[in-house]
Every structure is written in C-alpha cells, then in structure tokens.
Amino acid sequence: MSFFTDTSGLLTSKISKMLSTVGRALRNSSTQKTLFIGSRCASTEATFEVAQCKLHKLEQGPATTVTCTREDALKYYRQMQTIRRMETTAGNLYKSKQIRGFCHLYSGQEACCVGMENSITPDDSVITAYRAHGWAYIRGISVRGVLAELIGKKTGCAQGKGGSMHMYAKNFYGGNGIVGAQVPLGAGIAFTQKYLNNGNICIALYGDGAANQGQVYEAFNIAMLWKLPCIFVCENNGYGMGTSVERASYSTDYYTRGDYMPGLRVDGMDVLAVKEATRFAKDYVLKNGPLLIECATYRYSGHSMSDPGTSYRTREEIQEVRQTRDPITSFKQKLLETNLVTEDEMKKIDQDVRKEVTESEKQAIADTGPPLEDMYDHIYVQPEADFKVRTCDPLTMVASR
Numbered sequence: 589m590s591f592f593t594d595t596s597g598l599l600t601s602k603i604s605k606m607l608s609t610v611g612r613a614l615r616n617s618s619t620q621k622t623l624f625i626g627s628r629c630a631s632t633e634a635t636f637e638v639a640q641c642k643l644h645k646l647e648q649g650p651a652t653t654v655t656c657t658r659e660d661a662l663k664y665y666r667q668m669q670t671i672r673r674m675e676t677t678a679g680n681l682y683k684s685k686q687i688r689g690f691c692h693l694y695s696g697q698e699a700c701c702v703g704m705e706n707s708i709t710p711d712d713s714v715i716t717a718y719r720a721h722g723w724a725y726i727r728g729i730s731v732r733g734v735l736a737e738l739i740g741k742k743t744g745c746a747q748g749k750g751g752s753m754h755m756y757a758k759n760f761y762g763g764n765g766i767v768g769a770q771v772p773l774g775a776g777i778a779f780t781q782k783y784l785n786n787g788n789i790c791i792a793l794y795g796d797g798a799a800n801q802g803q804v805y806e807a808f809n810i811a812m813l814w815k816l817p818c819i820f821v822c823e824n825n826g827y828g829m830g831t832s833v834e835r836a837s838y839s840t841d842y843y844t845r846g847d848y849m850p851g852l853r854v855d856g857m858d859v860l861a862v863k864e865a866t867r868f869a870k871d872y873v874l875k876n877g878p879l880l881i882e883c884a885t886y887r888y889s890g891h892s893m894s895d896p897g898t899s900y901r902t903r904e905e906i907q908e909v910r911q912t913r914d915p916i917t918s919f920k921q922k923l924l925e926t927n928l929v930t931e932d933e934m935k936k937i938d939q940d941v942r943k944e945v946t947e948s949e950k951q952a953i954a955d956t957g958p959p960l961e962d963m964y965d966h967i968y969v970q971p972e973a974d975f976k977v978r979t980c981d982p983l984t985m986v987a988s989r
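Spelled out as structure tokens, the structure:
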C-alpha cells in the first residue's frame with residue numbers, strides 16, 4: 589500500500605519509497621542505566637537507532653544513535669499527546685461553529701515541532717506557516733491560549749484578533765497566512781541574530797506546497813551570501829492543499845532544492861530523529877551558514893477544516909500511516925520496549941492531558957471576546973497618547989493604543 593495516491597488513484601511510488609526508506613528505523617539498542625519503580629526495574633536512560641538522514645552537499649550528517657533519558661522521554665510523549673488532543677478539540681470546536689474562518693490542524697506532524705523545540709533554546713527564533721497550533725503550544729503558549737485564540741477570545745495569545753493563522757509568542761513569529769512569505773522573514777530574523785552576534789538561530793518552516801515559491805529561493809540566495817544562522821525546514825506532509833507532491837513538483841527531493849545550500853532529509857515521524865537532526869543543524873548553521881532540512885511527515889486531516897482530505901487520497905492510505913508510522917504510538921512502543929517508562933505512566937499522562945485540554949476548552953469557551961473599543965489597538969508600537977487611525981470610512985478617525 590502506498591502512502592500517497594493522486595486524484596486518479598495511481599500510486600505515487602516515489603513518495604512511498606521515500607517515506608519507507610526514511611522511516612525504516614532500526615530496533616532499539618541496549619539500555620544503559622536502570623532504576624526501580626516500586627518492585628519494577630525500569631531504565632533511566634536508553635539508546636535508540638534512528639534512520640540515517642539523506643544528505644546533500646554534506647560529508648557527515650546527524651548521528652544515527654540517539655540517547656534519551658527517562659525524564660525527556662516522558663516530556664516528549666506528553667508534548668506530542670497534548671498537541672494531538674488539542675488539535676482534535678480544535679477540530680470539534682470548528683465543527684460546532686465555535687471556531688470561524690480558517691483552521692489548519694497539525695495532527696500527525698507532532699514529532700516535527702517537538703523534536704526541533706527540544707534541540708533549540710527559548711532564545712532561538714521560529715517562524716512558520718499557518719499550520720501553527722502545535723508550534724504555538726511548544727513555543728510556550730498554553731492550551732487555553734491557543735484554543736481561546738482560535739475561538740476569538742481576549743484570553744487568546746493574540747487577544748482574539750489573530751485566529752488560527754496568526755499566533756505569536758516570545759521568539760515565535762507566527763503563523764503566517766501568505767504562502768511562503770515566512771521564509772524571507774525568517775532570513776531577516778536570522779540576519780538580526782548574526783548582526784547582534786548573540787549565538788542564536790532562526791528556524792523558518794514552510795510546507796511542500798510552498799516549495800515552488802520564488803521568494804523561498806530569493807531568501808536562500810541572500811542567506812547563503814550572508815551566511816545567516818538559519819535552518820530552513822520543509823515540512824513535507826505529502827500534499828500541498830489537495831495536490832500530491834508528485835503532481836506539484838518535478839523534483840520531490842526537497843532537501844536538495846537549495847541547490848548550493850547543504851541539506852538533509854529526516855524521518856519527520858520520529859521525534860528522536862528530528863531532535864538529533866536539529867541539534868546537528870543548529871551547530872552547523874552557527875559555524876557555516878544556512879542549512880535546509882526536509883522533514884518527511886504526514887497530516888491526518890485535510891489541508892484545512894473545509895477540506896475532507898479524502899477526495900485526493902484514500903481513507904485506507906490515512907489508516908495505514910496511523911497504524912504503521914504514527915509519531916506518538918511508535919514512540920510509545922520504543923519507550924515500553926526499553927523499559928524507559930511503564931504502561932501505567934503512559935496512561936497517567938494520557939489522563940492528565942485529556943483533563944488539561946478539556947478544562948482549557950471549557951475556559952476558552954467561557955472567556956469573553958475582545959471589546960469593540962479594542963478593535964483599533966496594537967496597530968503601531970508605543971503610539972503617542974492622542975494617536976488616531978482611519979477606519980473603513982475615510983472621514984472617521986478613532987483612537988489607537
């Protein structure tokens with residue numbers, strides 16, 4: 589069974605082969621340290637073999653042996669599970685018309701943001717496209733802050749004014765609705781970091797659907813000329829809107845499409861592989877300039893909530909990925925096989941996450957929306973006391989704070 593099919597039902601074998609190759613991680617290796625939980629012997633640290641990255645203009649790539657502590661394993665699992673549950677809730681809120689406008693879910697791609705975030709620091713920057721809920725959460729926004737923003741409440745991370753496509757946090761620059769526009773913006777953020785010589789990087793993410801945008805390659809060019817500390821990341825989930833990568837791009841080896849820029853392809857369904865690739869990439873860009881990462885991943889939902897996601901791919905295809913490549917269940921299996929965590933601990937996390945998201949949903953629904961007088965605020969930074977802006981009516985001016 590292929591992972592991807594085009595609208596006529598033909599197998600897109602190249603993508604299927606790519607995912608199966610990247611995703612063929614080896615069996616877990618030896619456990620290094622153990623402790624006792626009650627009467628049960630458990631690991632405190634374990635090593636795992638991850639799939640080797642494909643490389644472009646790199647003599648050496650990320651390590652294929654990754655060590656994970658028990659503490660980190662529990663954290664990664666909780667983070668991915670929280671994002672999954674939050675996105676499921678967002679989908680239900682949209683169907684009940686609590687969320688209006690656009691809503692692009694991240695379900696299936698959780699290993700990408702969790703793996704990357706755990707190899708950078710809060711001082712590093714991230715900018716992404718409109719599939720941003722998971723990134724917003726992992727960058728420090730609470731579940732309530734994400735859900736309240738989606739519903740348009742004042743307690744949302746952008747005070748209810750941004751919605752699904754415009755979420756922001758410290759060193760997180762969105763959620764951007766213009767396809768590919770975040771890539772040159774990311775290069776600009778990286779330029780600031782290089783100018784300040786602060787030792788930080790920027791991760792600029794885009795989807796395979798944006799990979800043919802001209803501005804992407806303009807940003808690549810200037811980033812290489814100026815050796816900017818930027819990791820450009822193509823989250824390749826197989827489809828740009830309703831079009832498979834095979835039908836949209838002559839070359840689907842996105843990690844090579846920076847041409848003169850080094851690149852690598854990583855299994856975006858393996859949180860440990862993504863984490864190690866990002867660790868490698870951060871070290872590289874601080875010393876050498878930009879690098880391109882292609883994360884081979886998959887989205888379970890349609891492009892947005894208005895897209896059922898089954899007119900250009902089969903339900904069987906989606907189910908196959910869920911059963912064989914899901915980033916959460918596969919990670920859970922690794923942890924159980926190495927005795928790094930127990931089944932009861934996993935169940936406890938699942939229960940806690942369900943409770944947290946449910947309570948956050950209730951709070952977000954009960955929160956109030958922004959008052960009408962706030963409509964014209966936050967247009968300019970630190971406006972003068974009597975600053976006014978023009979409304980849709982050219983003769984009407986209102987105060988702006």
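Under our numbering, the letters of the sequence shown match residues 589 to 989, in that order. We treat Cβ as the ideally placed atom computed from N, Cα and C, and that holds for glycine. Quick caveat, the model's predicted, so the values are computed rather than measured.
- Compare the beta carbon distance of ILE766 and ILE715 with 8 Å and say whether it is the shorter of the two. No, Cβ-Cβ distance for ILE766 and ILE715 is not below 8 Å.
- Message: Out of LYS950, THR635, GLN667 and MET704, which one is the CA nearest neighbour of VAL854?
- Response: Ranking LYS950, THR635, GLN667 and MET704 by Cα distance to VAL854 puts MET704 first.
- Message: Under 8 Å: do the segment 682–693 and the segment 637–647 share three or more Cβ pairs, one atom per stretch?
- Response: With the cut-off at 8 Å, the segment 682–693 and the segment 637–647 do not touch.
- Query: Mapping DSSP to helix, strand and coil, what is ARG901?
  - Reply: Judged by DSSP in its simplified three-state form, ARG901 adopts coil rather than helix or strand.
- Query: Comparing alpha-carbon positions, which option in SER713, ALA757 and GLU823 lies nearest GLY733?
  - Reply: The residue with the shortest Cα to Cα distance from GLY733 is ALA757.
- Query: Taking the continuous beta strand (DSSP E) assigned at LYS642, which residues delimit it?
  - Reply: For LYS642, the enclosing beta strand (DSSP E) begins and ends at 642–644.
- Message: In the DSSP output, which residue or residues are listed as bridge partners for TYR794?
- Response: Looking at the DSSP output, TYR794 sits in a beta bridge with CYS822.
- Item | Cβ shell of PRO710 (< 6 Å), same chain only, five flanking positions each side left out | The answer is none, since no qualifying residue turns up.
- Query: Is the Cβ of ASP711 closer than 8 Å to any Cβ of chain B?
  - Reply: You won't find chain B in this structure, because it holds only one protein chain.
- For ALA799, name the three-state secondary structure that DSSP assigns. When DSSP states are grouped into helix, strand and coil, ALA799 belongs to the coil group.
- Per-residue burial, CYS656 [other beta carbons within 10 Å of its own, 16 or more giving buried]: So CYS656 counts as buried.
- Query: Taking the Cβ atom as the reference point for each residue, do ARG666 and SER695 lie within a distance shorter than 8 Å?
  - Reply: Remark: C-beta atoms of ARG666 and SER695 do not approach each other more closely than 8 Å.
- Minimum C-alpha distance to GLN640 - residue among PRO650, GLU633 and THR632: When only C-alpha atoms are compared, the closest one is PRO650.
- Measure the Cβ-Cβ separation of SER832 and TYR900 and say whether it is below 8 Å. With respect to TYR900, SER832 sits close: the two C-beta atoms are nearer than 8 Å.
- Message: Check whether the segment 867–876 and the segment 896–915 touch, using three or more Cβ-Cβ pairs below 8 Å as the test.
- Response: These segments do not touch.
- Provide the residue span of the alpha helix (DSSP H) that contains ALA736, from first to last. Where ALA736 is concerned, the enclosing alpha helix (DSSP H) starts and stops at 731–739.
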